[in-house]
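Numbering (the numbering used here), first residue to last: 225 to 800. Structure first, commentary second.
Here it is in structure tokens:
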């Protein structure tokens, strides 16, 4: 039997190096969203594999150092020094490493010279004798710019900065080292760009200086309605909407950082447009990729990168940064305390486009999905995506099936309790329904029929077993992240990224949510009454029905069970 070696796995007898990437580093450019580093050692001999392992570990540690530098982790230098990497194995820098070093230098420069903090002014500045920006006099900044304008061979600042970067990485510059010259030029340009940004932000019209903010507040009525009070009012009236309140407070922090105007009477549509123009430039995962940077600095730091990160989607900008503030202010509009809401009626190009990732699944895609190893047999509980003989009927197995035949959201499936299963008595045949406690809106609280195919698959028995076992939830292994819904859990993200991503083209790839969209499309094509569709899917009724009509489960359980089927999709291989 082959000998087991630490940090290796075997496939068909061949050793492979495999090591988990620290979670905080998985979405860096170095690791590109991977959870593991894995590659073949091209040998079946255990002694040879063991001899190759040390080189693999050294290469992995070097990748970790580069990823930590990319994130700007403060302790990366001391950690790098503590790693005993033989000098003979230290590689010369690549052009990608040089560009990454320059990008990190730029981000650090912005972070170390904040333009938004109060308390940096000297006594002379307070008396108006000299102007201070980010702790330095304007004359000092101008002197640095003139130094950076000198030719490369006379530019001491960029030369010293390049030497520090080489030393911290263990690189040794060679005579006429072209990479050192490139790095020196990149650092010179990065510092010039950073200084111009710092000086620009100090007198920007979009970002209101703190002294003007104070004048604005002093000139306002002390009882003036503010964004802060609007959010507090909303929270008092809607304490159950925790997710929306959290988004409101987050958007308000960004608003105060960028605009700084809290009295609603002072907020105009033009100011909101300026705010939107900045918000749509926010890079994705700013809190991780530009940790400790304020929003404006993160935007500029991202734009200065040789390969900028993608920015948030227009729809995200509209919902998470504009509409939530409008929802808070709307309370005062309805109470006739203000005439209009400056946060409503603002268009953001692309925000109303339908999301491609919410299209219905095609029949051949459903067939392929339900013949995936997750459903037909995997290698083991830790290797769910590798074909094998083990079928694990847990949340990863059941969630897609329940979503397809019920339209439940991922968060609603994760929150299902055994007591939610109810039986329709007095009707012919076996009819069951789920009493769904919606996680999105009040309309989401609904009664959803259990489709006959779900019963044949064993869903009713599954829920009954959970009740007998005394479980609080049907899928107790489905852990909920702190302060988030079940839809944020890894089980759904992994399914979308590793199973659904096999279909469609980039930009048109479906996600887990497409199961819900597939059922909506099927109900429409099957001619199910629109009022019944809304009741099942959890959408509000329209027109007069909104106030006077609510369908009962007895009205739509039988037509739903009879009419809804997916032609060409045979799931008999999944029946117990």
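Ideal Cβ positions, reconstructed from N, Cα and C, are used throughout, including at glycine. Bear in mind the structure is a predicted one, so any value in this text is a computation, not a measurement.
Kindly list the residues whose CB is nearer than 8 Å to the CB of residue i, restricted to its own chain and excluding five residues on each side of it in sequence; keep chain order.
{"i": "residue 240", "result": "232, 233, 234, 262, 263, 264 and 265"}
{"i": "residue 380", "result": "371"}
{"i": "residue 382", "result": "372, 376, 408, 409, 411, 412 and 415"}
{"i": "residue 666", "result": "Unreliable positioning characterises residue 666 in this predicted model, as indicated by a pLDDT of 45, which lies under 50. A coordinate reading is not provided."}
{"i": "residue 443", "result": "Any reading at residue 443 must be qualified, since the residue scores a pLDDT of 40, below 50, and its modelled position is unreliable; the value itself is stated next. For residue 443, where only same-chain residues beyond five positions count, there are no Cβ hits under 8 Å."}
{"i": "residue 691", "result": "642, 643 and 645"}
{"i": "residue 791", "result": "587"}
{"i": "residue 320", "result": "none"}
Among the options, which residue has its Cα nearest to the Cα of residue i?
{"i": "residue 796", "options": "776, 521 and 677", "result": "677"}
{"i": "residue 482", "options": "470, 468 and 497", "result": "497"}
{"i": "residue 602", "options": "596, 595, 612 and 593", "result": "612"}
{"i": "residue 736", "options": "786, 717, 413 and 285", "result": "717"}
{"i": "residue 550", "options": "680, 463, 799 and 488", "result": "488"}
{"i": "residue 277", "options": "288, 242 and 477", "result": "242"}
{"i": "residue 285", "options": "267, 274 and 255", "result": "255"}
{"i": "residue 726", "options": "757, 365, 703 and 592", "result": "592"}
{"i": "residue 324", "options": "316, 494, 333 and 290", "result": "290"}
{"i": "residue 762", "options": "750, 749, 740 and 778", "result": "740"}
{"i": "residue 451", "options": "689, 748 and 490", "result": "490"}
{"i": "residue 505", "options": "511, 275, 280 and 520", "result": "520"}
{"i": "residue 570", "options": "561, 528, 322 and 541", "result": "541"}
If you drop the 5 nearest sequence neighbours on each side, which residues of the same chain put their C-beta closer than 7 Å to that of residue i?
{"i": "residue 297", "result": "Residue confidence is low: residue 297 scores 47 on pLDDT, short of 50, so the model does not pin down where it sits. No coordinate-derived value is stated."}
{"i": "residue 742", "result": "584, 585 and 628"}
{"i": "residue 745", "result": "584"}
{"i": "residue 533", "result": "507, 508, 513 and 526"}
{"i": "residue 369", "result": "416 and 419"}
{"i": "residue 245", "result": "255, 258, 259, 260 and 261"}
{"i": "residue 599", "result": "621 and 798"}
{"i": "residue 661", "result": "639 and 669"}
{"i": "residue 696", "result": "641"}
Along the chain, where does the beta strand (DSSP E) containing residue i start, and where does it finish?
{"i": "residue 608", "result": "607-611"}
{"i": "residue 263", "result": "260-264"}
Ends of the alpha helix (DSSP H) at residue i?
{"i": "residue 671", "result": "Premise fails: residue 671 lies in the beta strand (DSSP E), 670-673, not in any alpha helix (DSSP H)."}
{"i": "residue 287", "result": "270-295"}
{"i": "residue 603", "result": "Looking at the DSSP string, residue 603 is not in any alpha helix (DSSP H); the run it does join, the beta strand (DSSP E), is 602-604."}
{"i": "residue 698", "result": "Neither: residue 698 is in no alpha helix (DSSP H) and is coded neither H nor E."}
{"i": "residue 246", "result": "Per DSSP, residue 246 belongs to no alpha helix (DSSP H) and is neither H nor E."}
{"i": "residue 334", "result": "319-336"}
{"i": "residue 754", "result": "754-761"}
{"i": "residue 523", "result": "519-527"}
{"i": "residue 383", "result": "380-393"}
{"i": "residue 779", "result": "777-787"}
{"i": "residue 473", "result": "466-482"}
{"i": "residue 678", "result": "676-681"}
{"i": "residue 556", "result": "548-558"}
{"i": "residue 530", "result": "No alpha helix (DSSP H) holds residue 530; DSSP gives it neither H nor E."}
{"i": "residue 592", "result": "587-593"}
{"i": "residue 629", "result": "619-630"}
{"i": "residue 635", "result": "634-638"}
Using a Cβ-Cβ cut-off of 6 Å (strictly less than) and excluding sequence neighbours within five positions of residue i, which residues of its own chain qualify?
{"i": "residue 590", "result": "793"}
{"i": "residue 647", "result": "656"}
{"i": "residue 502", "result": "482"}
{"i": "residue 552", "result": "454, 455, 458 and 472"}
{"i": "residue 637", "result": "623 and 626"}
{"i": "residue 699", "result": "619"}
{"i": "residue 389", "result": "325"}
{"i": "residue 350", "result": "Annotation note: pLDDT 37 at residue 350 (below 50); position unreliable, no value reported."}
Pull the bridge partners of residue i from the DSSP assignment, please.
{"i": "residue 647", "result": "656"}
{"i": "residue 233", "result": "240"}
{"i": "residue 745", "result": "In DSSP, residue 745 forms no bridge with anything."}
{"i": "residue 507", "result": "535"}
{"i": "residue 540", "result": "Beta-bridge pairing links residue 540 to no other residue."}
{"i": "residue 614", "result": "602"}
{"i": "residue 568", "result": "For residue 568, which the question treats as bridged, DSSP gives no partner whatsoever."}
{"i": "residue 487", "result": "450"}
Whole-angstrom Cβ separation of residue i and residue j, contact assumed at under 8 Å?
{"i": "residue 783", "j": "residue 752", "result": "6 Å"}
{"i": "residue 760", "j": "residue 672", "result": "6 Å"}
{"i": "residue 555", "j": "residue 454", "result": "6 Å"}
{"i": "residue 658", "j": "residue 644", "result": "5 Å"}
{"i": "residue 799", "j": "residue 680", "result": "6 Å"}
{"i": "residue 516", "j": "residue 335", "result": "6 Å"}
{"i": "residue 545", "j": "residue 634", "result": "Not a contact, Cβ separation roughly 24 Å."}
{"i": "residue 293", "j": "residue 328", "result": "6 Å"}
{"i": "residue 572", "j": "residue 538", "result": "5 Å"}
Following a CB-centred definition, is residue i positioned closer than 7 Å to any heavy atom of the ligand SAM?
{"i": "residue 368", "result": "For the ligand SAM, the structure offers nothing, since it holds no ligand at all."}
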